[in-house]
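Protein chains in written order, with my numbering: chain S, 1180 to 1477; chain P, 3 to 308.
Ideal placement from N, C-alpha and C gives every residue a C-beta, glycine not left out.
Presented below is the structure to which this report refers.
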Amino acid sequence: MVSRQRRLLSFPAEDGFLINALLVAGEFNREEDLYNTPIVLLVHGVLGHFLARGTPRLLPNALEENGISSFLINSRMAFTGQMFGGAIFDESIMDVEAAVEVLVKEGFRKIIILGWSLGANISVYYAVNNSHPNVKGLILEGCSSSLPRSNKRRLEKWNSVPSYDHIYEIAKKVLRPDPVTTQNDRVFIIYRATGPTFDPEDVELFTYRTWWFMRGPEAYNAKTEEIISGVKLPTLFIHGDEDYIVGHEEPESLVEIMRNAGNENVQLSFIPKARHDCMENPTATVDTLINWLSNFKD
Amino acid sequence: MKDNNSTKYMEQELVSIPFGKSKIDGLYYNSTIHDEDDKKNDTVIIHVHGFLGNFLDGSQRFLPPILAEGGYSSLAINTRMANFGLFFGYGILNDTIPQIDRVVEYLEELGYKNIILSGYSLGTSIVLRYAALRKDAKNFPHLKGVITLAAPYSMPDSIRRRWNSLGSEPSYDEVLEEAKEIIKPGREGTGHDRTILIYKARGDSYRPEHTEIYTYRTWWYLAGPEADTAMGYKQIAEIKVPMLLIQGWYDQIVKPEETHDLAQVALDAGNKDVSAFYVNAGHKFEEKEEELGDIIVRWLDRRFKL
């Protein structure tokens, strides 16, 4: 008998960044059953972490009730990473790689990566670049087709201060001579970034370097629509039917790109009565996931 | 891979303590050390994080396992001031008091009789404020001690001195003038607030690690000249339970004499059990984690060992 588990783990990424993670697993008759059952590796959203409200907080317990284990990581994009310079989008796949390696070493054979919001874009970038054979599928929740375009649209919609184009101009100067190697960086605030006021709840905070690689016009790896054709894994998109942050057309266009590139195992499910966080409708979300995950059971 | 879940000295559990419509997250380290009569120590330490901190980092992370080996359980918590509470306007020091009340109640429900509050840096302002407000032993009988790690004598004074010496941009006085407009009487809860950056607040460059972020409101109640709640020396004079103050001799954020001065205020106010220690370390006690833990365990043993 394998007991129910809630294990806090720490392990380094390739570059030494320390990842904290939480393993949530139910009871299994045999160790073999635990490792043969799909495990969902969950990657959080913007400013998120493994206890953040919504999907990270709610989904693992719901999956456990259905016999599915979860592994939630705090990547370098978690907490205040994007505000103090550590959260470089391109480097975040090292955190996913390290988490996959941990699971593989533990013995898990069927790893499904679930990325929520920003985590979905990270997961795609990982899957395009370096997918371990034990990674069997992707679940992309609230996935934007392009983080830079999404940011530009939003800042223009609310008439942000500074504007997207102005940020880009400043970033080019601050990050001289080369954003990849520069030692220069600064924190900055975007007022009216997520709403019409100057109040704290409507601001976004980045450093120029974290913005450059996640939101800037040259953040190529965050332009998911330009790289997702390289994903050959079975993929499930779940999307809140009432999501006003990422529109329906974004996952629809991503599905089309993947199918046109020859991936026939792509599914899109809209979750009714849910916005950007599908777990606003836990029953529909969990039913959809469990149904899809049943494809990976022996 | 390091499994932080358990050692031979402890079991670890993530807890979410119901608090109104929300929850207080914490990491509970249950020491499995028992005495010769197989009795478990009924003393527990609550650890409160520092600036932008949470229960996964710093002393909140490295101390509990050391204390567990000494027979003491711990609960490291995230308050409203954890992570980015200061950036988005809800990280107000006094609002953490009901949260700690709830955590104390939770630990009492688990059977603990001696509850020790330990804070690190900003967290010392929280625990000193809490202990001062809950000094009535009749109503709060289980609060038995306070530990401060790298405590500023006065958070507002400490921040003003640091910003002035580094030439922060904007200056302390410039932030104060703006904040006065935001905090005007009658504006409470009206949404008048802004997020602000202070460059060169923690070092002499514009780099992110030398930058601080607040809203005017969170700054006012933590760093403003009228932020009495964050003035450790005013709070510590009210506290009569045993106190242990520890600081790094080479602390660049809080001056070493601040711990000395705080201890003196506590003694002058009539607290007969005040101890102060310095370790050969900086603000984060790096590379002196075991030594720090040993000092705390010895201090606890003299007062709370079964």
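Along the chain, where does the alpha helix (DSSP H) containing residue i start, and where does it finish?
i       : result
P:E110  : I99 to E111
S:Y1214 : E1210 to N1215
S:I1406 : T1403 to I1406
P:E291  : E291 to F306
P:F57   : Neither: P:F57 is in no alpha helix (DSSP H) and is coded neither H nor E.
S:P1461 : P1461 to L1472
With residue i as the anchor, note down where its beta strand (DSSP E) starts and where it stops.
i       : result
S:F1449 : V1445 to I1450
S:T1414 : T1414 to G1419
S:V1225 : Per DSSP, S:V1225 belongs to no beta strand (DSSP E) and is neither H nor E.
S:F1190 : Q1184 to P1191
P:Y30   : S24 to S33
S:A1241 : Per DSSP, S:A1241 belongs to no beta strand (DSSP E); it is in the alpha helix (DSSP H), T1234 to E1244.
P:E15   : M12 to F21
P:L145  : L145 to L151
P:Y114  : First-last for P:Y114: undefined, no H or E at that position.
S:V1203 : L1197 to A1204
Residue i by DSSP, collapsed to three states: which one?
i       : result
P:P67   : helix
P:H262  : helix
S:N1330 : helix
P:G72   : coil
S:V1425 : coil
P:D159  : helix
P:I248  : strand
P:Y92   : coil
S:M1256 : coil
P:M83   : coil
S:H1345 : helix
P:K41   : coil
S:L1220 : strand
P:F279  : strand
S:V1353 : helix
S:G1264 : coil
S:S1248 : strand
P:G125  : helix
P:A78   : strand
P:I241  : coil
P:I255  : coil
S:L1230 : coil
P:F142  : coil
P:S120  : strand
S:V1410 : coil
S:G1441 : coil
P:F287  : coil
Considering only heavy atoms of the ligand GDP, does any lie closer than 6 Å to the CB of residue i?
i       : result
S:I1318 : For the ligand GDP, the structure offers nothing, since it holds no ligand at all.
Q. What runs of the alpha helix (DSSP H), each 4 residues or longer, lie entirely inside the region 168-235 of chain P?
A. DSSP runs (the alpha helix (DSSP H)) wholly in the region 168-235 of chain P: 174-184 and 218-225.
Q) Can you give, in chain order, each stretch of the beta strand (DSSP E) that sits fully within the region 1358-1398 of chain S and has at least 3 residues? A) Here the runs fully enclosed are 1366-1369 and 1383-1386.
Q) For the region 81-109 of chain P, which residues have a CB atom closer than 7 Å to at least one CB atom of chain S, in sequence order? A) Look at the region 81-109 of chain P: the residues with a C-beta under 7 Å from a C-beta of chain S are N85, F86, F89, F90 and G91.
Q: Quick one: which residues of the region 1255-1272 of chain S get their C-beta closer than 8 Å to a C-beta of chain P? List them in chain order.
A: Close to chain P, meaning a Cβ-Cβ distance shorter than 8 Å, are the following residues of the region 1255-1272 of chain S: F1258, T1259, M1262, F1263 and G1264.
Q.
Give me the subset of the region 213-230 of chain P whose CB atoms are less than 8 Å from a CB atom of chain S, sorted by chain position.
A. Flagged, chain order: T213, I215 and T217.
Q | Length at least 4, wholly inside the region 1274-1341 of chain S: the alpha helix (DSSP H) runs in chain order | A | Listed in chain order, they are 1297-1308 and 1326-1336.
Q. Counting pairs of beta carbons, one from the region 1339-1348 of chain S and one from the region 1445-1459 of chain S, are three or more of them closer than 8 Å?
A. When Cβ pairs closer than 8 Å are counted between the two stretches, the region 1339-1348 of chain S is seen not to touch the region 1445-1459 of chain S, the count staying below three.
Q.
Counting beta carbon pairs with one atom in the region 87-98 of chain P and one in the region 211-218 of chain P, are three or more of them shorter than 8 Å?
A. Enough Cβ pairs lie closer than 8 Å, so yes.
Q: Could you please tell me which residues of the region 1369-1382 of chain S, in chain order, have their CB closer than 9 Å to any CB of chain P?
A: Listed in chain order, the positions of the region 1369-1382 of chain S with a beta carbon within less than 9 Å of a beta carbon of chain P are Y1370, T1376, F1377, D1378, P1379, E1380 and V1382.
Q: Inspect the CB distances between the region 1390-1397 of chain S and the region 224-235 of chain P and report whether three or more fall short of 8 Å.
A: Touching, no.
Q) Between the region 1381-1402 of chain S and chain P, which residues of the former have CB atoms less than 8 Å from a CB of the latter, in chain order? A) Using a CB distance below 8 Å, the part of the region 1381-1402 of chain S facing chain P consists of V1382, L1384 and T1386, ordered along the chain.
Q. Do the region 152-160 of chain P and the region 122-134 of chain P touch if we need at least three Cβ pairs shorter than 8 Å?
A. With the cut-off at 8 Å, the region 152-160 of chain P and the region 122-134 of chain P touch.
Q) Quick one: any contact between the region 1323-1330 of chain S and the region 1240-1254 of chain S, if contact means 3 or more CB pairs under 8 Å? A) Contact between the region 1323-1330 of chain S and the region 1240-1254 of chain S is absent, because fewer than three Cβ pairs lie under 8 Å.
Q: Scan the region 53-71 of chain P for residues whose Cβ lies nearer than 8 Å to a Cβ of chain S and list them as they occur along the chain.
A: Of all residues in the region 53-71 of chain P, L54, N56 and L58 have a Cβ within less than 8 Å of some Cβ in chain S.
Q) Contact between the region 1308-1315 of chain S and the region 1274-1281 of chain S: three or more CB pairs below 8 Å? A) Short answer: they touch.
Q. Okay, do the region 41-56 of chain P and the region 116-123 of chain P touch, 3+ Cβ pairs below 8 Å being the bar?
A. Put simply, the region 41-56 of chain P touches the region 116-123 of chain P. At least three CB pairs are less than 8 Å apart.
Q) Taking three-plus beta-carbon pairs below 8 Å as touching, is the region 1253-1265 of chain S in contact with the region 1190-1200 of chain S? A) Three or more beta-carbon pairs separated by less than 8 Å link the region 1253-1265 of chain S to the region 1190-1200 of chain S, which places the two stretches in contact.
(Q) Closer than 8 Å between beta carbons: that is the criterion. Which residues of the region 135-168 of chain P meet it against chain S? (A) Shown here is that no member of the region 135-168 of chain P has a Cβ falling below 8 Å from a Cβ of chain S.
Q.
Please list, in chain order, the residues of the region 194-206 of chain P that have any C-beta partner in chain S closer than 7 Å.
A. If the cut-off is 7 Å between Cβ atoms, the region 194-206 of chain P has D195, R196, T197 and L199 near chain S.
**Q.** Positions along the region 282-305 of chain P whose CB lies within less than 8 Å of some CB in chain S
**A.** Closer than 8 Å at the C-beta level to chain S, one finds no residue of the region 282-305 of chain P.
Q | Inter-stretch contact (C-beta, 8 Å, three-pair minimum) for the region 1288-1295 of chain S and the region 1376-1387 of chain S | A | With the cut-off at 8 Å, the region 1288-1295 of chain S and the region 1376-1387 of chain S do not touch.
Q.
For the region 1281-1289 of chain S against the region 1411-1426 of chain S, do three or more pairs of beta-carbon atoms, one drawn from each stretch, fall closer than 8 Å, so that the two count as touching?
A. Counting Cβ pairs under 8 Å, fewer than three are found: no touch.
Q.
When you compare the region 73-80 of chain P with the region 1460-1476 of chain S, are there three or more beta-carbon pairs, one atom per stretch, that lie closer than 8 Å?
A. Flag = no, the region 73-80 of chain P and the region 1460-1476 of chain S do not touch.
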